[in-house]
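Novice: Take this structure first; my questions come after.
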Amino acid sequence: MRSYTLIAPAKINLYLEILGMRPDGFHELAMIMQSIELADCIEINANGTDNIRLHCNHPEVPLDRTNIAYRAAKLMAEQFPECFAKFGGIDIEIDKRIPVAAGLAGGSTNAAAVLIGLDLMWNLGLTQSELQELAALLGSDVPFCIAGGTAIATGRGEILSPLPDLDNLYLVLAKYRSLGVSTAWAYTTYREKFADTYACDTSTIQERSTKLNSGALVSAIAHKDSKKIGKSLYNDLEKVVLPAHPQVEQLRQAFQNQDILGTMMSGSGPSVFALVESLTQAQQIKNQVETTINNPDLDLWITRFRPTGITVEN
Ligand SMILES: C[C@](O)(CO)[C@H](O)COP(=O)(O)OP(=O)(O)OC[C@H]1O[C@@H](n2ccc(N)nc2=O)[C@H](O)[C@@H]1O
Ligand SMILES: Nc1ncnc2c1ncn2[C@@H]1O[C@H](COP(=O)(O)OP(=O)(O)OP(=O)(O)O)[C@@H](O)[C@H]1O
């Protein structure tokens, strides 16, 4: 049986507004998500056993049942038991290039790739919306990773409306290697910090969803107005991650002092990105920030917006 190799891109959040707490314990969000070219490579092979087996070249990625790529394969085996019985177990090989626990949906995109890969391997012919429904059972960012490109994400992140593709922008991405931020910690801390203004009732949340500040960014994306995109970046989670991690604040400042379109923390952090219009500019900014901060623990990448999500290589 043939093997499948999938390119699974990371995402950044151009906009993340927290509207309140939902009855299911998740936060109601208004986000604008963007795929980027920085990607993991996922290979899926039938292994002739009854087992799902994982391999990964990154020491911080768990190789047991807690790995979200494993959970994706398990979910498919449960949903389509006749296929699992017919085609047998699978090996999942993750070539990890996306930094771990960085706010870049590294695990989520691996899970999305496994759903897409098994859909192909087992000839299921699932629609994008069927794949997204399964994805939502695994995590809030996984449905976006199935779709990719540029999209508005609402609900807990699983309700998606595509926006015009953006492929014209470059970014410099920065993260301290030894620093990871737990997404659960970021949301819980936000809830505690803003308890007094926090909406928990559906009508207040609904009212807030009619007064979003994301309109300027949506219109900037529609017009491919890079300067306005840079000025409209927003992330509520910065309000808790930046004070708790001065290094992330320092990175934000270092980018802010450069000639860039805009800078923001991605998702729950701690990675920070700066948007620029050309590869040459990205190289200059990367060199300047590397020299200014001068810390061997700092990793920097140059990448660009990606108009598509997961792609199949073979
Ligand atoms: C920060 C973002 O990455 C922005 O895109 C996402 O909102 C998080 O997406 P994710 O990592 O796929 O999130 P999940 O795996 O579903 O949940 C991780 C943790 O974040 C909290 N969480 C997540 C999404 C959401 N809308 N509200 C939440 O409170 C969950 O309660 C959980 O404790
Ligand atoms: N396939 C995977 N790749 C990376 N981490 C994984 C994977 N499966 C489970 N994990 C665990 O999940 C944790 C979060 O890792 P991940 O890279 O997905 O975070 P993230 O990019 O911040 O996610 P998000 O942006 O969706 O909130 C890690 O600390 C790791 O232990």
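In terms of UniProt numbering, the sequence shown opens at residue 1 and continues consecutively.
Where a beta carbon is used, it is the ideal one built from N, C-alpha and C, also for glycine.
Given the structure is predicted, the values throughout are model-derived calculations rather than measurements.
#1: Reducing DSSP to helix, strand and coil, say where residue 107 ends up.
#2: Grouping DSSP H, G and I as helix and E and B as strand, with all else coil, what is residue 243?
#3: Can you give me the start and stop residues for the alpha helix (DSSP H) that residue 215 sits inside?
#4: Are three or more beta carbon pairs between the region 264-281 and the region 44-62 nearer than 8 Å?
#5: Residues in its own chain within less than 7 Å of residue 110 by CB, not counting five upstream and five downstream?
#6: Which of the three DSSP states, helix, strand or coil, is assigned to residue 258?
#7: Measure the beta-carbon distance from residue 285 to residue 260 and round it to whole angstroms, keeping in mind my assumption that it falls under 8 Å.
#8: Compute the beta-carbon to beta-carbon distance between residue 282 and residue 172, rounded to the nearest angstrom, for a pair I have assumed lies under 8 Å.
#9: Between which two residues does the alpha helix (DSSP H) harbouring residue 81 extend?
#10: Per DSSP, which residues does residue 41 bridge with? Please list them.
#11: Considering only the alpha carbon of each residue, which of 195, 224, 244, 45 lies closest to residue 180?
#12: Roughly how far, in whole angstroms, is the beta-carbon of residue 233 from the beta-carbon of residue 14, given that I think they are within contact range, below 8 Å?
#13: Quick check on residue 56: does DSSP put it in helix, strand or coil?
#14: Starting from residue 301, trace the beta strand (DSSP E) both ways and give me its first and last residue.
#15: Using a Cβ-Cβ cut-off of 7 Å (strictly less than) and excluding sequence neighbours within five positions of residue 76, which residues of its own chain qualify?
#16: Please report the straight-line C-alpha distance between residue 113 and residue 256, rounded to a whole angstrom.
#17: Along the chain, where does the beta strand (DSSP E) that runs through residue 150 open and close?
#18: For the putative contact between residue 35 and residue 149, defined by C-beta atoms under 8 Å, what is the C-beta separation to the nearest angstrom?
#19: Return the first residue and the last residue of the beta strand (DSSP E) that residue 273 is part of.
Specialist: In short:
#1: helix
#2: helix
#3: 215-222
#4: no
#5: 8, 40, 42, 68, 69, 94
#6: coil
#7: 6 Å
#8: 5 Å
#9: 81-87
#10: 7, 95
#11: 244
#12: 6 Å
#13: strand
#14: 298-304
#15: 115, 118
#16: 35 Å
#17: 150-155
#18: 6 Å
#19: 272-276
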